[in-house]
Ligand code: NAP
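Numbering (our numbering), first residue to last: 48 to 419.
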């Protein structure tokens, strides 16, 4: 199969290529790589591919794109908005498999998260649909952690307070966070051993606001800080990231009546892995053992962490799950706010199940569907 890859060197694209190599997905592919910044440059490795990929092609070369039977893009919404309508208008009939949000809510698109919504994907394929889009990272991780509760119709409402890593905003911002950490870390070397902790805090705060502190990409200090706004503002006071929680979950689950979902989306100074503290109002009384079993049944990658200090601090952290396929769920307990309220925390690597993995698996599903 001839497959074009766009956005292959960003955070999501790099993760996708690594997973494709691990899973031997290049075998049988004729891959072409496109670039918005360095056409003509050397293509990346594709071990086992049907042929050596040509040098990088310009990402605005529509005739080269239209020769692909599938296009996999992790480039971002601006490129999708520019290229997709032109290709479709020119009659291109290939599969469009996308990590960006631009097409997610379009009538012809299917949001893909196959461990949760494979029947919906199969129905879309049977109906001849060809636009497949990965979900928002936080939404996909929420459903990979808690999809069983929705399947069992146990969720009356859900409030999610997110702790989202810098890499969720792309390669440049994640690298800048490390530069910020380094800049603040230099203070550690400067402060005398006799300095009080308050002196250190004051020096760090002053450095965060210094004009030389690197904030060119993120716009604000994030190391040692948090930023409780992600994506564009909407008129009702929500951010677009917060709006996606209910809108995309409803679509992924194929529901006609939405389960109310809302909360605050917060960027924190971790590098990779999004976490969310969740409050759920149940539809019926259920004991914690039953809830735990239903959560565990969500997917083979869902891992329930016992609600103990040791297990939580060892297994329910970005440091523990980063780079793994595990979506961890823990701190499961009843809340005192109402008898039918439960609380929990779930987290996973947003570059894997939150972005690259549903896209990678969709390419596989498309190849199976077309017999290639
Ligand atoms: P990204 O890291 O910013 O990469 C996007 C493009 O930026 C690259 O393809 C590359 O294009 C260019 N680029 C510029 N400077 C770069 C650098 N220093 N390193 C690497 N690439 C650089 O974006 P992303 O996080 O992968 O996100 C891609 C799309 O997926 C977005 O629409 C995003 O919303 C969505 N998404 C992201 C995540 C996530 O966790 N990051 C999760 C779900 C969905 P050229 O090679 O053409 O120059």
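A virtual CB, placed ideally from N, CA and C, is assigned to each residue, including glycine.
**Prompt:** For residue 122 versus residue 54, is the C-beta distance shorter than 8 Å?
**Reply:** Yes; because the gap between Cβ atoms is below 8 Å, this pair is in contact.
**Message:** Using CA atoms only, rank isn't needed, just tell me which of 221, 291, 289, 279 is closest to residue 261.
**Reply:** Per the Cα distances, 221.
**Message:** For a minimum of 4 consecutive residues, which ranges assigned as the alpha helix (DSSP H) are wholly contained in the segment 257–339?
**Reply:** Within the segment 257–339, the complete alpha helix (DSSP H) segments of 4 residues or longer fall at 287–300, listed in chain order.
**Item:** Proximity test, residue 83 beta-carbon vs ligand 2 heavy atom, cut-off 7 Å
**Value:** Of the ligands this structure carries, namely ligand 1, none is ligand 2.
**Request:** Check the DSSP bridge columns for residue 117 and list the partner residues they point to.
**Result:** Checking the DSSP bridge columns, you'll see residue 117 partnered with 50, 142.
**Whole-angstrom distance between residue 412 and residue 333, CA atom to CA atom** = Distance between the alpha carbons of residue 333 and residue 412 is about 36 Å.
**Asked** What three-state label does DSSP hand residue 208 in the structure shown?
**Response** DSSP, reduced to helix, strand and coil, places residue 208 within a strand of the structure shown.
**Prompt:** So, are the CB atoms of residue 205 and residue 322 less than 8 Å apart?
**Reply:** For residue 205 and residue 322, no; Cβs fall outside 8 Å.
**Message:** Can you tell me whether residue 398 is buried or exposed? The criterion is at least 16 other CB atoms within 10 Å of its CB, across all chains shown.
**Reply:** Residue 398 is buried by the Cβ-count criterion.
**Prompt:** If you check the beta carbons only, do residue 400 and residue 187 fall under 8 Å apart?
**Reply:** The Cβ atoms of residue 400 and residue 187 sit closer than 8 Å to each other.
**Request:** Can you check the segment 181–231 for any alpha helix (DSSP H) of at least 4 residues that lies completely inside it and give the ranges in chain order?
**Result:** With a minimum length of 4 residues, the continuous alpha helix (DSSP H) runs that stay inside the segment 181–231 are 184–198.
**Item:** Inter-stretch contact (C-beta, 8 Å, three-pair minimum) for the segment 340–347 and the segment 299–309
**Value:** The segment 340–347 vs the segment 299–309: no contact.
**Prompt:** Which one or two residues does DSSP pair with residue 248 in a beta bridge?
**Reply:** DSSP output for residue 248 lists no bridge partner at all.
**Prompt:** Using the rule of at least 16 other Cβ atoms within 10 Å of the residue's Cβ for burial, across every protein chain shown, is residue 70 buried or exposed?
**Reply:** By the 10 Å Cβ count, residue 70 comes out exposed.
**Message:** When you measure from the CB of residue 92 to every non-hydrogen atom of ligand 1, does any distance come out below 7 Å?
**Reply:** For ligand 1, not one heavy atom lies less than 7 Å from the Cβ of residue 92.
**Request:** Would you decide whether residue 104 is buried or exposed? Buried here means 16 or more other CB atoms lie within 10 Å of its CB.
**Result:** Of the residues assessed, residue 104 falls on the buried side of the cut-off, its CB having 16 or more other CB atoms within 10 angstroms.
**Asked** Can you tell which of 243, 101, 131 has its C-alpha closest to the C-alpha of residue 109?
**Response** For the residues 243, 101, 131, the minimum Cα distance to residue 109 belongs to 131.
**Item:** Which of helix, strand or coil DSSP assigns to residue 134
**Value:** The three-state reading of DSSP puts residue 134 in helix, counting H, G and I together.
**Prompt:** Between the Cα of residue 143 and the Cα atoms of 117, 172, 124, 57, which residue gives the shortest distance?
**Reply:** Nearest to residue 143 by alpha-carbon distance, out of 117, 172, 124, 57, is 117.
**Prompt:** Cβ of residue 320 within 7 Å of any heavy atom in ligand 1?
**Reply:** Not one heavy atom of ligand 1 is found less than 7 Å from the C-beta of residue 320.
**Asked** What first and last residue would you give for the beta strand (DSSP E) that runs through residue 393?
**Response** Taken as a continuous stretch (DSSP letters only), the beta strand (DSSP E) holding residue 393 covers 388–395.
**Message:** Looking only at its chain, what residues have a beta carbon closer than 6 Å to the beta carbon of residue 363, apart from the 5 residues adjacent to it on each side?
**Reply:** Excluding residues within five positions, the ones whose Cβ falls inside 6 Å are 352, 375, 377.
**Prompt:** Per the contact definition of three or more C-beta pairs closer than 8 Å, is the segment 50–64 in contact with the segment 401–410?
**Reply:** Inter-segment contact for the segment 401–410 and the segment 50–64 is present: three or more beta-carbon pairs are separated by less than 8 Å.
**Asked** For residue 318, which option in 214, 181, 50, 297 has the closest C-alpha, if you only look at C-alpha atoms?
**Response** Across the set 214, 181, 50, 297, the C-alpha of 214 shows the shortest separation from the C-alpha of residue 318.
**residue 87 Cβ short of 7 Å to ligand 1 heavy atom set** = Exclusion of residue 87 from the 7 Å shell around ligand 1 follows from its C-beta lying no nearer than that to any non-hydrogen atom of the ligand.
**Asked** Quick one: what's residue 78 bridged to in DSSP?
**Response** Beta-bridge pairing links residue 78 to 50.
**Request:** Using three-state DSSP, classify residue 90 as helix, strand or coil.
**Result:** Assignment of residue 90 by DSSP, reduced to helix, strand and coil, places it in the coil class.
**One or two residues paired with residue 380 in a DSSP bridge** = Checking the DSSP bridge columns, you'll see residue 380 partnered with 390.
**Message:** Which residue wins for smallest C-alpha separation from residue 429, given the options 65, 77, 72, 209?
**Reply:** Lying before the first or after the last residue shown, residue 429 is absent from the chain, which here runs from 48 to 419.
**Request:** Over the uninterrupted alpha helix (DSSP H) stretch that includes residue 167, give me the two end residues.
**Result:** For residue 167, the enclosing alpha helix (DSSP H) stretches over residues 161–173.
**residue 93, buried or exposed, once every other Cβ within 10 Å from all chains shown has been counted against 16** = Residue 93 is buried by the Cβ-count criterion.
**Message:** If I measure Cβ to Cβ from residue 358 and keep anything under 6 Å in the same chain, skipping five residues before and after, which residues do I get?
**Reply:** Here the set comprises 352.
**Request:** Would you kindly report the start and end of the unbroken alpha helix (DSSP H) that includes residue 351?
**Result:** Membership of residue 351 in any alpha helix (DSSP H) is not indicated; the residue belongs instead to the beta strand (DSSP E) covering 349–351.
**Prompt:** Hey, residue 159 and residue 168 are a contact pair by Cβ (cut 8 Å); roughly how many whole angstroms apart?
**Reply:** With a Cβ gap of about 6 Å, residue 159 and residue 168 count as contacting.
**Message:** Which same chain residues end up closer than 7 Å to residue 100 when comparing Cβ atoms and leaving out the 5 residues on each side of it in sequence?
**Reply:** The residues are 78, 79, 80, 90, 93.
**Prompt:** Would you report the Cα separation of residue 384 and residue 324, rounded to the nearest angstrom?
**Reply:** When the Cα atoms are used, residue 384 and residue 324 turn out to be separated by approximately 15 Å.
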